[in-house]
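Colleague: The following block contains the structure, expressed as structure tokens.
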Amino acid sequence: MATTATPVADRVFDRETLLSAACERSGLSDFGDTWFFEPMDHYIAAANAEGKLTEAGFAGQTEAIVKGLASRLRMVEDIKRHPEILDEDVEVAAIILGLPRTGSTIFHRLLASAPGMTAIRWYEAQNYAPLPGDEPGKPEARRAYAEAMIEGWLNLSPELASIHPLDPDAPDEEIIILGQLFITTMVEAMTFIPSFAKWLNDYDQSKGYEDLKTILKYLQWQDPTRRGKKWVLKSPQNLPYTDVTANAFPKAVLVMTHRDPLEVVPSYVSMEAALYKLNSVHSDEAVGAFWFPRLAEWMHRFEQARARIGEDRFIDIDYREVAKEPLKQAQRVLAHIGIPLDDKIEAALTEFMAGNKREQRPMHDYSLERFGLNEADVREAFASYRARYIG
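Residue numbers (the working numbering): 10 to 400.
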């Protein structure tokens, strides 16, 4: 099924218009290193040709781009005024990756709830620079922006409430920030742009991850209580670019979450259909036809990268074990990164799990058939992965 909204053919993205809007919003004009113009231009071309954005979708995506550009302008200005930002010592101790829909969100938030740990919050991922009205320690403008954004999303696509727990203050993915730099798969997750996905496969994303390091320093500088804590990052969309992630954070353990692709594929395609519903018009079959081979491609690229990187960098976490013994699985990772279990940590983890049970959200209903997919093809595409990790 497709949404009943209608694509608009007379609206197109234009780089200079978007840059000018960000400058006007922030009152600033220095974007720093403009390396991101290249992926931005490729995104614009693909979105204009393939996106099928509705009027509301075009407005929403314009806002997403402009706010990201404005954050960059504000950060560049803050670094000029406070060069000590670049002296912040940020320790990224763990990065969660794996196929999407493998329990990585709850596991990320569980790890981040431990004393001594920290993570990017959802409202920070949306606007990593303070907004007018924010004060040190009181990011009320950003929280209000995030709350309004979530409300708008759920009005357009109510099923998102059952798919991904949206909370302004909860830990979420650095990929949201990287998407504002027009790299990583977050871009294709929000706009249906197959040609951009193909181009992105061969694009060197290392400059984006260098910027991410600076943004983490910037976030830590904004909240000095994070100093001395260990950061945990998370994004399934790191999967096809594991080499870049591993090289950017060479001391981080790579936490690989696992779940049977027979469940992952329909669950994630359902999520993508709900996200595209926010801004565009695409049939369920079209979404399935793109995302099933894309997920298989992600896994193939990951398997090759893991062989290059070496097993010593990885910890494997099974979705089924997290469901049965979440604290035990969290403790495995925490101990590996130098945070041994004590009563305080156990109490914090237990408290988090008590307030974040899956049954506290609506059930997520999905099937392969809805998206024109079948079990035999999924089994074949993920045969080596299922043999090694699922059994």
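Here a beta-carbon is modelled for each residue, glycine too, at the ideal position from N, C-alpha and C.
Only a predicted model underlies this, so the values are computations on that prediction, with no experimental measurement involved.
With DSSP as the reference, label Arg268 as helix, strand or coil.
Modeller: In this structure, Arg268 counts as coil in the three-state DSSP scheme.
Colleague: Less than 7 Å separating the beta-carbons of Leu119 and Met126?
Modeller: Their beta carbons are not under 7 Å apart, which means Leu119 does not touch Met126 by this criterion.
Colleague: If we ignore side chains and look at the alpha-carbon of each, how far apart do Ser276 and Pro109 end up?
Modeller: Spanning the two alpha carbons is a distance of roughly 9 Å.
Colleague: Quick one: Cα of Ala157 to Cα of Asp321, how far?
Modeller: For Ala157 and Asp321, the distance between alpha carbons rounds to 43 Å.
Colleague: Decide if the region 90 to 109 is in contact with the region 230 to 241; the criterion is three or more beta carbon pairs, one per stretch, under 8 Å apart.
Modeller: Yes: at least three Cβ pairs fall under 8 Å.
Colleague: Cα separation between Arg90 and Tyr227?
Modeller: Taking the straight line from one Cα to the other gives about 12 Å.
Colleague: Give me the Cβ distance between Gln189 and Ser80, rounded to the nearest whole Å; I'm assuming they're in contact under 8 Å.
Modeller: At roughly 7 Å, the Cβ-Cβ gap stays under 8 Å, so Gln189 and Ser80 are in contact.
Colleague: As a quick exercise: from Glu183, Ile192, Ala179, Lys333, pick the residue whose alpha carbon is nearest that of Ser122.
Modeller: Nearest C-alpha to Ser122: Ala179.
Colleague: What residues are listed by DSSP as bridge partners for Trp162?
Modeller: Bridge partners of Trp162: none, in fact.
Colleague: Output the boundary residues of the beta strand (DSSP E) element that contains Lys243.
Modeller: Here the beta strand (DSSP E) through Lys243 covers 239 to 243.
Colleague: For Arg367 and Pro174, I'd like the C-alpha separation in whole angstroms.
Modeller: Only weak support exists for where Arg367 lies, its pLDDT of 44 falling under 50; the value from the coordinates is given anyway. If you take the alpha carbons of Arg367 and Pro174, they lie about 9 Å apart.
Colleague: Determine the DSSP secondary structure at Arg130, reduced to helix, strand or coil.
Modeller: Strand, per DSSP.
Colleague: Less than 8 Å between C-beta atoms, sequence neighbours within five positions excluded: which residues of the same chain meet that for Leu61?
Modeller: This sequence places Lys at residue 61; Leu is not what is there. Taken in chain order, the residues that qualify are Pro16, Phe201, Ser289, Val290, His291.
Colleague: Across which residues does DSSP place Asp325 in a beta bridge pair?
Modeller: DSSP lists Met265 as partners of Asp325.
Colleague: Hey, how far is the Cα of Arg271 from the Cα of Leu82?
Modeller: One point to set straight first is that residue 271 is Leu, not Arg, in the sequence displayed. Going from the Cα of Leu271 to the Cα of Leu82 covers about 43 Å.
Colleague: Within a Cβ cutoff of 7 Å, which residues of the same chain sit near Pro124, ignoring the five residues on either side of it in sequence?
Modeller: Taken in chain order, the residues that qualify are Lys353, Ile354, Ala357.
Colleague: For the 8 Å Cβ check, are there 3 or more pairs between the region 304 to 311 and the region 328 to 335?
Modeller: Touching, no.
Colleague: Given a threshold of 16 other Cβ atoms within 10 Å of its Cβ, counted over all protein chains shown, does Glu183 qualify as buried or as exposed?
Modeller: When all chains shown are included, Glu183 counts as buried.
Colleague: Quick one: complete alpha helix (DSSP H) runs, 4+ long, within the region 61 to 128?
Modeller: Fully enclosed alpha helix (DSSP H) runs of 4 or longer: 64 to 90, 113 to 121.
Colleague: Would you mind listing the alpha helix (DSSP H) stretches within the region 132 to 158 that are 4+ residues and don't spill past its ends, in chain order?
Modeller: Runs found: none.
Colleague: Could you name the residues of the same chain whose beta carbon sits closer than 6 Å to that of Ala257, not counting the 5 residues immediately before and after it, in chain order?
Modeller: Closer than 6 Å at Cβ, skipping near neighbours: Tyr218.
Colleague: Let me make sure I understand the geometry here. Which of Gln246, Pro302, Leu106 has the alpha-carbon closest to that of Ile390?
Modeller: According to the sequence displayed, residue 390 carries Ala and not Ile. Nearest option by C-alpha distance: Pro302.
Colleague: On the premise that Ala198 lies in contact with Glu133, defined as a C-beta separation below 8 Å, what is that separation, rounded to the nearest angstrom?
Modeller: Actually they do not touch by this definition, with Cβ atoms about 19 Å apart.
Colleague: Take Ile185 as the anchor and find which of Leu284, Ser376, Asp386, Trp131 has the nearest alpha-carbon.
Modeller: The residue with the shortest Cα to Cα distance from Ile185 is Trp131.
Colleague: Could you spell out the range, first to last residue, of the alpha helix (DSSP H) harbouring Ser35?
Modeller: Segment 24 to 35, the alpha helix (DSSP H) holding Ser35.
Colleague: Nearest-angstrom Cα distance between Leu225 and Glu47?
Modeller: Rounded to whole angstroms, Leu225 to Glu47 spans 23 Å at the Cα level.
Colleague: Identify which residue in Gln246, Tyr285, Val278 has its Cα closest to the Cα of Arg379.
Modeller: Checking every option, the nearest Cα to that of Arg379 belongs to Val278.
Colleague: Rounding to the nearest angstrom, what Cα-Cα distance links Gly146 and Val262 in this structure?
Modeller: Taking the straight line joining both Cα atoms gives about 30 Å.
Colleague: May I have a chain-ordered list of the alpha helix (DSSP H) segments no shorter than 4 residues that lie completely inside the region 177 to 251?
Modeller: Whole alpha helix (DSSP H) segments, 4+ residues: 184 to 188, 195 to 199, 203 to 209, 215 to 231.
Colleague: Measure the alpha-carbon distance for Glu2 versus Arg151 and round it to whole angstroms.
Modeller: Outside the shown range of the chain (10 to 400) lies residue 2, about which nothing can therefore be said.
Colleague: Among the candidates Ala73, Trp162, Glu86, Asp232, whose CA atom is the shortest distance from the CA of Ile129?
Modeller: Out of Ala73, Trp162, Glu86, Asp232, Asp232 has the C-alpha closest to the C-alpha of Ile129.
Colleague: Could you pull out every residue in the same chain whose Cβ sits closer than 7 Å to the Cβ of Glu294, ignoring the five residues on either side in sequence?
Modeller: Hits under 7 Å: Phe380, Gly381.
Colleague: Which residues in the same chain as Ser376 place their Cβ atom closer than 8 Å to its Cβ, once the five residues preceding and following it in sequence are excluded?
Modeller: Excluding sequence neighbours, Ser376 sits near Pro275.
Colleague: Relative to the alpha-carbon of Asp213, which residue among Pro249, Pro245, Glu168 has its alpha-carbon at the smallest distance?
Modeller: When each option's Cα is compared against that of Asp213, the closest is Pro249.
Colleague: Name the two residues that bound the continuous alpha helix (DSSP H) containing Thr359.
Modeller: Per DSSP, Thr359 belongs to the alpha helix (DSSP H) from 352 to 363.
Colleague: Kindly identify the DSSP beta-bridge partner or partners of Ser289.
Modeller: Partner(s): Leu62.
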